[in-house]
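Visitor:
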Amino acid sequence: MATWVWILIIVLAFIAGTALGFYSARQYMMKYLKENPPINEQMIRVMMAQMGRKPSEKQVRQMMAQLNKIYDKQK
4 MATWVWILII VLAFIAGTAL GFYSARQYMM KYLKENPPIN EQMIRVMMAQ MGRKPSEKQV
64 RQMMAQLNKI YDKQK
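Converting from the sequence shown to the numbering used here requires adding 3 to each position, the first position being numbered 1.
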């Protein structure tokens, strides 16, 4: 085969591998973040305690609802 054919095959394989790798990494991260959200109720309680506040359960749930609303909007 001619040299240009090999170069074309290598370039196409590189492009396909990059696209497939990006797609699979994106799917994995979306699944991971859905199963392990970056902020949970315990983290909110700790943050508010560090700010010198004792949050009520209602405040914690309101903050979680707001964060979930933001996450859902991004999708």
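We treat Cβ as the ideally placed atom computed from N, Cα and C, and that holds for glycine.
How far does the alpha helix (DSSP H) with ARG64 in it extend, from its first residue to its last?
Guide: Where ARG64 is concerned, the enclosing alpha helix (DSSP H) stretches over 60-77.
Visitor: Beta-carbon of ALA19 versus every beta-carbon of chain C: anything under 8 Å?
Guide: Of the protein chains in the structure, only one exists, and it is not chain C.
Visitor: Among residues of its own chain, excluding the 5 on either side of LEU70, which ones have a beta-carbon nearer than 7 Å to its beta-carbon?
Guide: Excluding sequence neighbours, LEU70 sits near ILE42.
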